[in-house]
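Here is the structure we will look at, set down as C-alpha cells.
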Amino acid sequence: MGMSRTNIIALLIFGAVLGYFLSFGPSTTQKFKAGVYQLLAPFLTGGSGLKKQITSVRTGLKSHDQLEHENTALQVENTELRATNRGLRDVEHEVNRLRHALNYRERSVFKLMAAEIVARDSSSWWRTVTINRGKRDGIETDMPVVTDEGLIGKTTTISEGISIVLLISDENCRVAASVEGSREQGIVSGQRVTTGLTPLLDLNFLSKQAELKPGQKVYTSGVGGVFPSGLFIGPVKTFRVRELDGQAQLTPAVDLSHLEDVFVVTGRR
Amino acid sequence: MIFFCVLLFLVLAAQIAELFIPALPWLYDAHIYIVPVIVFYGAMALPFPLMLALALYAGVLLDALTVQVIGGKVEISMGSSILLYGVLAGIMHGLRPLFARGHWEVHAILSGVFTALIVLAQYLMITFRRGSLVFTREIWWQICGPGIAAMLVAPILFWLLQWIGQMTAYPYGPERGRFE
C-alpha cells in the first residue's frame, strides 16, 4: 500500500522546512534562538517565581505538620514565634546577601550590572544559565559574568530582556589564566561531563615543570580580550604532568549549583 | 484538532518545565525529558501529517533552547532535532496498529529507548565537533538515565494523554477506548 497524496505533500513540506532550518548559519541561529528566548521570557521569569513560591509553600507545609502535632495554645504560639523568627532570619539572610553584593559592586574596579538567574539549561551536554538582563540593559555577547567570589562564565545569546550565560564548567568556555605566585599561564575549560555538586575545571597547556601546589589561586590573565585580568577562577586541586604539558584541576571559586545573583561586567570604571 | 492543539501546548509547557527540573544527582546528574514522551505519544495517536507537524514543532523548540552558538560557531545545527524527532516519531507511527489495539507497553519502552537515542545523537554530534570520543560510565548514565526516566514516566503520561484525548472527543485513539 503506497502513501496517500496528503502524506506525500506533508512529507515534502516537512523536508522543505527541515532544509530551511539546516541552512541556518551561526548568526541566523543566534538571532532565531534569541527570538525564541524573547518569546519565552515571560514564562521563564514567571516559572522562576513559581519555583520560589513552591519552595516557600513546601516550607509552610512543614510548619503545618508541626502544628498538627501540637495541641496546647502555648505550643501553637511557640511554633508561630519560631516561624516568625525563621522568616526574619530568611529576611536577614536576604539583606546580608544583597548588602554583600552591593558592597562588591561598589568596591569593584569593573562596571557591573546586577542580574538574577531565572532558569538553568535542561540539556545534558551544555552548562548554561539564563539571566534576567538583556539588550535593553546594555548586555552584549561575550561579556564576563561574575559574583563577588569569582568568575562564573560569559554571555552568549542575548535577547531584549534575558541572556544566556555559558558557565566556566562548560567544555566550550575557555579562559586564559595565570597562576598566582608563578609565571605559569594556561587555558581553563570545563569538562564534558561532570557529576556531583562541584564540577572541576581543567587548566591545560602549563609547562611540565610547573609543579603547582593545591590551594594556589588561578586568575584570568586578560589574554584574548573577553575576560579582563584579575578575576578569580578557583584554587588548584591537583597537578599532573602529561606527555606534552602539565595539567591542573581547579575547583571553581563559585558554587555554580547554587547561583542566585550574578553581575555582568559591562566595562571598567 | 483540539487534541493536536492540546499536544502543542503541552510540548511547549513541558519544554519550559524541563528548564526548572533539576538533574538527578543519584543518577549521575541525568536529566529528565518529558517532551519526547509527549511527541512519541502524538506519533502513535495522530495521523501522519499531524505527527510530522508535531515533530517539527518539538524539534524547533528543542534546537532553539539547547543549541549553543559560541565564538561564532554552532555545535549542533538548527534542524538536527527536527530530523531526529521526524525519524523516531515516524518509526513510532509505524507501530500505530499496536496502539490502535490498545497496547502501550512497546511504545512506553520505545519512548525510553528513543529518548536515550536523542541524547546519544546530541553527544555524537558535539563529539564530532570537539573531538576525543570517550564513553565513560558517567557519559553512559547521562545518555541512558533520561531514557530510563522517560520509560518510567511514559505509562502515566500516556494514560493522562489518552484521558485528554477522550475529554476532547478525539476520534483517532485506541479502538477499545482504553489501554490494556
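Going line by line, the protein sequences match chains A and B.
Each residue of the first sequence is one higher than the one before, starting from 214 at the first, in the numbering used here.
Each residue of the second sequence is one higher than the one before, starting from 178 at the first, in the numbering used here.
Heads up, the beta-carbon is just placed ideally off N, CA and C, and yes, glycines get one too.
Owing to the predicted nature of the structure, the values given are computational and were not obtained by experimental measurement.
Simplified DSSP state of residue i, which is helix, strand or coil
i: residue 465/A; result: coil
i: residue 326/A; result: strand
i: residue 342/B; result: helix
i: residue 460/A; result: strand
i: residue 432/A; result: strand
i: residue 274/B; result: helix
i: residue 427/A; result: coil
i: residue 188/B; result: helix
i: residue 251/B; result: strand
i: residue 331/A; result: strand
Element boundaries [beta strand (DSSP E), containing residue i]
i: residue 400/A; result: 398-402
i: residue 201/B; result: Unbroken run through residue 201/B: none, as it is neither H nor E.
i: residue 414/A; result: 414-419
i: residue 479/A; result: 474-481
i: residue 454/A; result: 445-454
Alpha carbon of residue i to alpha carbon of residue j, nearest angstrom
i: residue 220/B; j: residue 269/B; result: 6 Å
i: residue 357/B; j: residue 279/B; result: Below a pLDDT of 50, predicted positions are generally treated as unreliable, and residue 357/B, at 39, falls in that range; the measurement from the model is reported next regardless. Residue 357/B and residue 279/B: Cα-Cα distance of roughly 6 Å.
i: residue 445/A; j: residue 298/A; result: 36 Å
i: residue 305/B; j: residue 217/B; result: 27 Å
i: residue 283/B; j: residue 380/A; result: 39 Å
i: residue 301/B; j: residue 373/A; result: 33 Å
i: residue 206/B; j: residue 264/B; result: 28 Å
i: residue 285/B; j: residue 414/A; result: 38 Å
i: residue 246/B; j: residue 451/A; result: 31 Å
i: residue 178/B; j: residue 250/A; result: 27 Å
i: residue 186/B; j: residue 234/A; result: 22 Å
i: residue 274/B; j: residue 220/A; result: 17 Å
i: residue 459/A; j: residue 395/A; result: 14 Å
i: residue 248/B; j: residue 370/A; result: 11 Å
i: residue 226/A; j: residue 225/B; result: 13 Å
i: residue 330/A; j: residue 286/A; result: 42 Å
i: residue 365/A; j: residue 470/A; result: 11 Å
i: residue 330/B; j: residue 209/B; result: 9 Å
i: residue 190/A; j: residue 335/B; result: Outside the displayed span of chain A (214 to 482) sits residue 190/A, for which this structure offers no information.
Residue range of the unbroken alpha helix (DSSP H) whose run includes residue i
i: residue 271/B; result: 257-271
i: residue 304/B; result: 282-307
i: residue 228/A; result: 218-235
**Asked** For the region 357-390 of chain A, which residues have a CB atom closer than 7 Å to at least one CB atom of chain B, in sequence order?
**Response** 369, 370, 379, 384 and 385
**Asked** Can you give, in chain order, each stretch of the beta strand (DSSP E) that sits fully within the region 334-401 of chain A and has at least 3 residues?
**Response** 341-344, 357-360, 363-371, 376-380 and 388-392
**Message:** To test your reading of the DSSP string, which unbroken alpha helix (DSSP H) runs of 4 or more residues are found completely within the region 213-247 of chain B?
**Reply:** 225-243
**Prompt:** Given a limit of 7 Å on CB to CB distance, which residues of the region 246-257 of chain B reach chain A?
**Reply:** 246, 247, 249, 250, 251, 254, 255 and 256
**Message:** At a CB distance below 8 Å, what residues from the region 202-220 of chain B approach chain A? Give them in sequence order.
**Reply:** 202, 205, 206, 207, 208 and 210
**Request:** Residues of the region 284-312 of chain B with a CB closer than 7 Å to any CB of chain A: list them in chain order, please.
**Result:** 296, 299, 300, 303 and 307
**Item:** Contacting positions in the region 188-203 of chain B - beta carbon closer than 9 Å to chain A
**Value:** 189, 190, 192, 193, 194, 195, 196, 197, 198, 199, 200 and 202
**Item:** Proximal residues, the region 244-256 of chain A versus chain B, C-beta separation under 7 Å
**Value:** 245, 246, 249, 253 and 256
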